[in-house]
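Residue numbers (my numbering), protein chains in the order written: chain A, 1 to 332; chain B, 1001 to 1332.
No residue lacks a Cβ here, since even glycine has one placed at the ideal position from N, Cα and C.
The structure appears below as structure tokens.
There are 2 protein chains.
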Amino acid sequence: MNKQIRLAKRPEGLPKKDTWNLVEEEIPTIEDGEVLIKQHYISLDPAMRGWMNDAKSYIPPVQINEVMRAGSIGEVIESKSDKYKVGDYLSGWGGVQQYVKTNGDNWYQVDPRLAPLPVYIGTLGMPGMTAYFGIFRVGQIKEGETVLISGAAGAVGSVVGQIAKIKGCKVVGIAGGEDKCRYLIEELGFDGAIDYKKGNIYDAIKRECPVGIDVYFDNVGGDILDAALSRINMHARIVICGAISQYNRNVVQGPSNYLALLVKRARMEGMVVMDYAKDYKQAAFEMGTWMKEGKLKSKEDIYEGIENFHKTFLRLFSGDKLGKLVLKVSED
Amino acid sequence: MNKQIRLAKRPEGLPKKDTWNLVEEEIPTIEDGEVLIKQHYISLDPAMRGWMNDAKSYIPPVQINEVMRAGSIGEVIESKSDKYKVGDYLSGWGGVQQYVKTNGDNWYQVDPRLAPLPVYIGTLGMPGMTAYFGIFRVGQIKEGETVLISGAAGAVGSVVGQIAKIKGCKVVGIAGGEDKCRYLIEELGFDGAIDYKKGNIYDAIKRECPVGIDVYFDNVGGDILDAALSRINMHARIVICGAISQYNRNVVQGPSNYLALLVKRARMEGMVVMDYAKDYKQAAFEMGTWMKEGKLKSKEDIYEGIENFHKTFLRLFSGDKLGKLVLKVSED
């Protein structure tokens, strides 16, 4: 049988247990040109919360009773396709379920001998791509600049910071809790770390970024975005990648310090990773090389069991995880 | 004697009568290298409100007891300078006073035979330059795009809209009251006008910009900025030129729809006109040519008497004026 998580109803605020239904259905049978994939890992990402709202966005909302949309990685266990054979590993939008069939469109093959599977939905997957294109194309970092990152211990932020270090920037990360801050500095080589749960965030940014901020990579929004705006330099770039502090609110808190953009002739710009699809390959090659050279570390926080989807998903918002949040859904 | 308006104390919210002192002092005597200017017109601009706050900005605040900073235009009535002779007309930062002496630095000569003097502090002065560089360099308009402008009947907005029309854009202006809206369409050739005092601004923008907004030029901030964000197109540019609705508030209302930047991969960018000083001449030439050809209309709303400074200044915030607000301070 194929266990699936389907959207039961649209949540107000934080999703609750009855937001989802765990259902079982027959494992799909495939037609000519299709493959059947046994999914090993599901990617849990903050963006998923947005897809659950009945609102126009960059992607249609998940419909009620639909399998919850998610990135995933799995193994071909049956093939009627010329493209992929049994034993191939594919990554794509498989959704929160154990099996999925596809004609292979929008799936791409990965090599489990080059990196562990979860890395392909983390640093070498969407979060890594988001980091790479966000910091280069939108952030336009230059050597010697100060880069501040919120959600810095997360799947995207941790990669952003390491790339900025590789490129010769001074890198400061904001994260929740001492452990994460220690991780940023001791494991990832950040120059500074700010625990937003402790003390005044404005003071902390001033202390850690004494010459101001050239690039702010924002994953969280809210008060932290305002605090960052208060310290931007001339011609700063603010990359709007996400706003996890706001996803469960009915009314979004707008940045009341946005007029710093005027004073500092600065720019705030949004990004969506899908726009860079044609360059994923080149980015994955470059990041893979950095990983081999030991310059870029990938960290996944892996939980098990599709029936634990709900409580694992909530770790995105409680911050109770480190690096890329992954759910193992296959049963051996 | 030289009548002057000096800053008496920093206002909370809207300036009151006791924010200012009207004082008289001796007309200054000039030294070698200096000229004495009899000021004819003072420019009244929303930005002046910001200069009154004791806050770091792109320019130092006006100090208590200092002559209020303002752009101005006047005639040289005495000269010990090689650069300028009696009878020359100069524009610069003369402040709110009737006479000023200067060595000529940061002043530039204008020709009253080519355009009436007030035009040189309006369409051919800072507001016109702001419009020109804002819509070209930051807004990056392209033919066929939809351009929405707030404060559209003002000194900056009215020029922005006319330039965008010249460049083949569809132009919609937001202004307060039927008269201003009629003026935008009938006098300035805008394609649409929205009276923000009447009806729902979200509905009105949807009606007037049915295919969305490519460039939004914001002079007002607040709810109108949020409404504009709700209708931006992919890769839209939002020019943050000012936020007159917020200048008298203690806490600025941040744009709660700012995540539209992410969804639409759009950009919000601030600007300050001084950055483009080296290209003013070229811009003035181009705009002067458009004026001669009848493609660009300049509108000044001129009030008289330095003693009326306070109540005239408040017209910036009540909206009770049309086009560039100017105060005539010379006595004939």
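Distance, residue j Cα to residue i Cα
i                          : j                             : result
arginine 1231 of chain B   : arginine 6 of chain A         : 31 Å
glycine 254 of chain A     : glycine 1319 of chain B       : 26 Å
glycine 1157 of chain B    : glycine 1323 of chain B       : 9 Å
leucine 314 of chain A     : glycine 199 of chain A        : 25 Å
glutamate 1025 of chain B  : valine 1159 of chain B        : 38 Å
proline 210 of chain A     : isoleucine 149 of chain A     : 15 Å
glutamine 1246 of chain B  : tyrosine 41 of chain A        : 49 Å
glutamine 162 of chain A   : lysine 142 of chain A         : 14 Å
tyrosine 303 of chain A    : valine 326 of chain A         : 6 Å
leucine 1124 of chain B    : lysine 1197 of chain B        : 30 Å
methionine 1287 of chain B : lysine 9 of chain A           : 57 Å
glycine 1173 of chain B    : glutamate 1186 of chain B     : 12 Å
leucine 44 of chain A      : alanine 164 of chain A        : 24 Å
leucine 1014 of chain B    : glycine 1122 of chain B       : 24 Å
lysine 1335 of chain B     : proline 1046 of chain B       : Residue 1335 of chain B is absent from the structure shown; chain B starts at 1001 and stops at 1332.
alanine 1153 of chain B    : isoleucine 201 of chain A     : 41 Å
asparagine 2 of chain A    : asparagine 308 of chain A     : 15 Å
histidine 1310 of chain B  : phenylalanine 1317 of chain B : 12 Å
aspartate 32 of chain A    : tyrosine 99 of chain A        : 17 Å
glutamate 1300 of chain B  : glycine 139 of chain A        : 41 Å
proline 11 of chain A      : lysine 1297 of chain B        : 53 Å
alanine 228 of chain A     : lysine 206 of chain A         : 9 Å
isoleucine 1064 of chain B : tryptophan 1020 of chain B    : 10 Å
lysine 1101 of chain B     : isoleucine 1027 of chain B    : 9 Å
tyrosine 84 of chain A     : asparagine 103 of chain A     : 9 Å
valine 263 of chain A      : tyrosine 1058 of chain B      : 5 Å
valine 220 of chain A      : valine 252 of chain A         : 12 Å
aspartate 1226 of chain B  : glycine 1189 of chain B       : 26 Å
glutamate 66 of chain A    : isoleucine 306 of chain A     : 16 Å
aspartate 191 of chain A   : threonine 289 of chain A      : 23 Å
tyrosine 280 of chain A    : methionine 126 of chain A     : 9 Å
Local conformation of residue i per DSSP, three classes
i                             : result
glutamine 1097 of chain B     : strand
glycine 323 of chain A        : strand
lysine 1167 of chain B        : coil
glutamine 282 of chain A      : helix
phenylalanine 1309 of chain B : helix
glycine 336 of chain A        : An answer regarding residue 336 of chain A cannot be provided, because it is not within the stretch 1 to 332 covered by chain A.
tryptophan 290 of chain A     : helix
glutamate 331 of chain A      : coil
arginine 1006 of chain B      : strand
lysine 1299 of chain B        : coil
tyrosine 89 of chain A        : strand
threonine 102 of chain A      : strand
alanine 1175 of chain B       : strand
arginine 1137 of chain B      : helix
valine 1160 of chain B        : helix
glutamate 1075 of chain B     : strand
isoleucine 185 of chain A     : helix
leucine 22 of chain A         : strand
N-terminal and C-terminal residue of the beta strand (DSSP E) that residue i is part of
i                         : result
asparagine 132 of chain A : One point to set straight first is that residue 132 of chain A is tyrosine, not asparagine, in the sequence displayed. Per DSSP, tyrosine 132 of chain A belongs to no beta strand (DSSP E); it is in the alpha helix (DSSP H), 126-133.
arginine 267 of chain A   : 267-270
tyrosine 216 of chain A   : 213-218
serine 969 of chain B     : Outside the modelled stretch of chain B, which goes from 1001 to 1332, sits residue 969 of chain B, for which no answer is possible.
tyrosine 202 of chain A   : Taken as a continuous stretch (DSSP letters only), tyrosine 202 of chain A belongs to no beta strand (DSSP E), being part of the alpha helix (DSSP H) at 201-208.
glutamine 39 of chain A   : 35-43
Extent of the continuous alpha helix (DSSP H) run through residue i
i                        : result
arginine 1049 of chain B : 1047-1051
serine 1318 of chain B   : 1315-1318
glycine 1222 of chain B  : 1222-1229
leucine 261 of chain A   : 260-263
Within-8 Å CB hit, residue i to chain E
i                      : result
proline 116 of chain A : Protein chains A and B are contained in the structure displayed, whereas chain E is not.
How do the region 1232-1243 of chain B and the region 1208-1219 of chain B stand: do at least 3 beta-carbon pairs fall below 8 Å, yes or no? yes
Should the region 1048-1056 of chain B be regarded as contacting the region 1125-1136 of chain B, the criterion being three or more beta carbon pairs within less than 8 Å? no
Beta carbons nearer than 9 Å to chain B: which residues of the region 261-295 of chain A have them? Leu261, Leu262, Val263, Lys264, Arg265, Ala266, Arg267, Met268, Glu269, Gly270, Met271, Val272 and Asp275
Selection of the region 1179-1208 of chain B by Cβ proximity to chain A, strictly under 8 Å: Of all residues in the region 1179-1208 of chain B, none has a Cβ within less than 8 Å of some Cβ in chain A.
At a CB distance below 7 Å, what residues from the region 133-145 of chain A approach chain B? Give them in sequence order. none
Touching by the beta-carbon criterion (3+ pairs, under 8 Å), the region 249-263 of chain A and the region 1264-1278 of chain B: yes
At a Cβ cut of 8 Å, what residues of the region 1106-1135 of chain B count as close to chain A, listed as they run along the chain? none
Residues, ordered as in the chain, of the region 242-259 of chain A that lie near chain B by beta-carbon distance below 8 Å: Gly242, Ala243, Gln246, Val251, Val252, Gln253, Gly254, Pro255, Ser256, Asn257, Tyr258 and Leu259
Does the pairing of the region 1030-1044 of chain B with the region 1065-1079 of chain B give three or more beta-carbon distances under 8 Å? yes
Scan the region 1029-1059 of chain B for residues whose Cβ lies nearer than 7 Å to a Cβ of chain A and list them as they occur along the chain. Ser1057 and Tyr1058
Proximal residues, the region 220-240 of chain A versus chain B, C-beta separation under 8 Å: Correct list: Gly221, Asp226 and Ile240.
Does the region 1083-1100 of chain B come within contact of the region 1058-1073 of chain B, defined as at least 3 CB pairs closer than 8 Å? yes
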